[in-house]
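Numbering (the numbering used here), first residue to last: 203 to 312.
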């Protein structure tokens, strides 16, 4: 089998012109490898840390009331909505965000 394939490979190489190319050039890497100096230049910059948590001195009640006044209640997270309901003394009916928002809006509109 090797004899049949080797003759076909040699014929292919002569037809395509690959027989004239030395073996070192056939297997040469086509892309240039980066040196250590180039890698250090392309390192990612760290993202600036943002603090999405409200400040400690602001109560959850103030945060929810201001969000209600601005009309941005839907931007609050589920844990913050649950915390507000617990703070007010109301047990959340369901765990879905839409249900929690509805409950908070009912409390604030009273």
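Idealized CB from N, CA, C, for every residue including glycine.
Count the other CB atoms within 10 Å of the CB of residue i; is the residue buried (16 or more) or exposed (fewer)?
i           : result
residue 269 : buried
residue 292 : exposed
residue 210 : exposed
residue 302 : buried
residue 305 : buried
What is the DSSP secondary structure of residue i, reduced to helix, strand or coil?
i           : result
residue 266 : helix
residue 218 : helix
residue 294 : coil
residue 282 : helix
residue 261 : coil
residue 234 : coil
residue 305 : helix
Enumerate in chain order the residues of its own chain whose CB-to-CB distance from residue i is below 7 Å, with the five nearest sequence positions on each side excluded.
i           : result
residue 262 : 282, 285, 286, 289
residue 294 : 284, 287, 302, 305
Near residue i, which residues of its chain fall below 6 Å by C-beta distance, leaving aside the five closest residues on each side in sequence?
i           : result
residue 299 : 280
If I measure Cβ to Cβ from residue i and keep anything under 8 Å in the same chain, skipping five residues before and after, which residues do I get?
i           : result
residue 272 : none
residue 277 : 269
residue 297 : 280
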